[in-house]
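Numbers in our numbering are just positions in the sequence shown, counted from 1, shifted up by 35.
From the three backbone atoms N, C-alpha and C, an ideal C-beta is built for every residue, glycine too.
I have placed the structure first, in the form of structure tokens, so that the comments after it can refer back to it.
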Amino acid sequence: MTQLLIKLLVLFFLPFSVQHAFAGLSSGEAAASMYTNDLNRIDSNSVDPGFIDSDLIASGAETPDQGLGSEGPQLASTVQPENTATVDNWLDMMMRSMNQQNFQGTLIVRQANKMQAIKVKQGVTPEGSWQILESLTGESQKIIRREGKVTTIFPDKRLVTISDSVHKRPLHATLPENYHKLKKYYKMKLAGQDRIASKVTQIVQMIPLDKYRYGYTFWLDQQSGMLLKCDLVDEKNQVLEQLMYSDIELLPVAPEKNIDQRELATYKQVNLQDKSEVSTKTWQAKQLPAGFTLSRSVHIPSQHNHSKTFHMVFSDGMALVSVFIEERDRMKKPVLGQSSMGKINAYSAYVRNAYITAIGEVPAATVRMIALSMEPEQP
Numbered sequence: 036m037t038q039l040l041i042k043l044l045v046l047f048f049l050p051f052s053v054q055h056a057f058a059g060l061s062s063g064e065a066a067a068s069m070y071t072n073d074l075n076r077i078d079s080n081s082v083d084p085g086f087i088d089s090d091l092i093a094s095g096a097e098t099p100d101q102g103l104g105s106e107g108p109q110l111a112s113t114v115q116p117e118n119t120a121t122v123d124n125w126l127d128m129m130m131r132s133m134n135q136q137n138f139q140g141t142l143i144v145r146q147a148n149k150m151q152a153i154k155v156k157q158g159v160t161p162e163g164s165w166q167i168l169e170s171l172t173g174e175s176q177k178i179i180r181r182e183g184k185v186t187t188i189f190p191d192k193r194l195v196t197i198s199d200s201v202h203k204r205p206l207h208a209t210l211p212e213n214y215h216k217l218k219k220y221y222k223m224k225l226a227g228q229d230r231i232a233s234k235v236t237q238i239v240q241m242i243p244l245d246k247y248r249y250g251y252t253f254w255l256d257q258q259s260g261m262l263l264k265c266d267l268v269d270e271k272n273q274v275l276e277q278l279m280y281s282d283i284e285l286l287p288v289a290p291e292k293n294i295d296q297r298e299l300a301t302y303k304q305v306n307l308q309d310k311s312e313v314s315t316k317t318w319q320a321k322q323l324p325a326g327f328t329l330s331r332s333v334h335i336p337s338q339h340n341h342s343k344t345f346h347m348v349f350s351d352g353m354a355l356v357s358v359f360i361e362e363r364d365r366m367k368k369p370v371l372g373q374s375s376m377g378k379i380n381a382y383s384a385y386v387r388n389a390y391i392t393a394i395g396e397v398p399a400a401t402v403r404m405i406a407l408s409m410e411p412e413q414p
């Protein structure tokens, strides 16, 4: 596997803030780091906490046939209150709660055999919203998002990094404001009720209508619409990733931040700037899965030579694919074709004397189609 593709796959499975350690890499490696910031993110108006890879450990939270890698959730209802709300009603409630709800809780995220617990706080005030994520397992770190900035604190290293949040990856799947357009590509339906974190929830499924995107299952608090659990499901109905609150407290006012500013003032601070340059397109995709369109196009300059990596992002509103295009280096012999790691699929190919890698949280068929359809724009 090529060095770039290894970086792409390994970087994705690192905690979000650890990715900053890769600052100053070569152009292709910087593109890999950029992918982890862009993945699954297109609606910057939605609440957008950072991401930390993890696994689910919650005693009694799952039955054996609902574990990761098994078939999708068994949707037999455990609670059946009277409910006349439509799918749209529930999704509207979910979007409002994500943007307007003060809360704090413990989130357990599960991906392959990885596990991490995260303490999550969100505050919504007249001055704006903020989110704080604190790792409860693994390396000690805290991520603060506010006013378009991401501050990551490493207490053990006495280090603070500051970066932009515009393209940072969300904590979980986030619906775009115009989610109704997704009904051309996903079937949305109610699927019974359940209990999560001691709260009665409504289950909502988004089932893909073709082989080019994954599905989603949401568990929404019946009182507030808060997303309490989310499954990412592949084309075989296998759960690839699961996020679930083991406990959550909905609050009338913003929770305390508990950030010691005087202590932080003694830490080393690193300002991480996005060095990508918005560009006019020089490449295009001649074939895309239905609903996918270009959402971002930039050049990433190399810190080691004068070459640039061309980075394009395609999305249907939920799923997202990054394409990295580099000049072919005949001194290197990268492995071409399909690669995968958990929910991530990638496809690499030579096209018109360029090395192209398409990668994303989508089925293998999607990245293959997009990679092989890339071509230089005609003058």
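Supposed contact pair M261 and Q136 - C-beta distance, whole angstroms, cut 8 angstroms: 6 angstroms
Straight-line Cα distance separating Q413 from S79: Residue confidence is low: S79 scores 32 on pLDDT, short of 50, so the model does not pin down where it sits. Its coordinate-derived value is still stated next. Looking at the two C-alpha atoms, the distance is approximately 32 angstroms.
Length of the line joining the Cα atoms of A289 and S281: 20 angstroms
Between the CA atoms of K224 and A120 - distance to the nearest angstrom: 11 angstroms
Whole-angstrom distance between F189 and K368, CA atom to CA atom: 38 angstroms
Continuous alpha helix (DSSP H) stretch holding R297: start and end: Q296 to L299
Beta bridge counterpart(s) of M150 as assigned by DSSP: R145
Backbone secondary structure at L355 - three-state DSSP: strand
Buried/exposed call for I294, threshold 16 Cβ in 10 Å: exposed
Cβ-Cβ separation, I197 to Q304 (assumed contact under 8 angstroms), whole Å: The beta carbons of Q304 and I197 sit about 7 angstroms from each other, so the pair counts as a contact at 8 angstroms.
Sub-8 angstroms separation of G352 and P211 beta-carbons: yes
Residues near A406 in its chain [Cβ-Cβ closer than 6 angstroms; skip 5 each side]: Y382, A384, I391 and A393
Test item: CB-CB of Q176 and K156 under 8 angstroms: The answer is no: Cβ separation not under 8 angstroms.
Opposing strand residues paired with F253 [DSSP bridges]: V239 and C265
Start-end ranges of the beta strand (DSSP E) lying completely within the stretch 152-208, minimum 3 residues: 163-170, 177-181, 184-189 and 194-199
Nearest-angstrom Cα separation, counted from N306 out to E117: Confidence is the limiting factor: at E117 the pLDDT is only 42, short of 50, which leaves the residue's position unreliable, though a coordinate-based value still follows. Rounded to whole angstroms, E117 to N306 spans 52 angstroms at the Cα level.
Same chain, Cβ closer than 6 angstroms to R403, five either side skipped, listed in chain order: Y382
Alpha carbon of S408 to alpha carbon of N388, nearest angstrom: Their backbone Cα atoms lie some 14 angstroms apart in a straight line.
Boundaries of the alpha helix (DSSP H) in which S408 is found, first to last residue: A399 to S408
Whole-angstrom distance between M128 and D199, CA atom to CA atom: 28 angstroms
Coarse secondary structure for Y214, derived from DSSP in three states: helix
Neighbourhood of A415 by C-beta distance below 8 angstroms, restricted to the same chain and skipping five residues each side: Within the shown structure, residues of the chain are numbered from 36 to 414, placing residue 415 beyond reach of any answer.
Element boundaries [alpha helix (DSSP H), containing L126]: Per DSSP, the unbroken alpha helix (DSSP H) holding L126 starts and ends at V122 to Q135.
Residues that DSSP places opposite Y390 in a beta bridge: For Y390, the beta-bridge partners assigned by DSSP are E361 and Y385.
Distance CB(F349)-CB(T317) smaller than 8 angstroms: no
A325 burial status per 10 Å Cβ neighbour count (16 or more: buried): By the 10 Å Cβ count, A325 comes out exposed.
Cut-off 6 angstroms between Cβ atoms - residues of its own chain near R181, not counting five sequence neighbours on either side: Sequence-distant Cβ neighbours of R181 in its own chain, meaning closer than 6 angstroms and more than five residues away, are W165.
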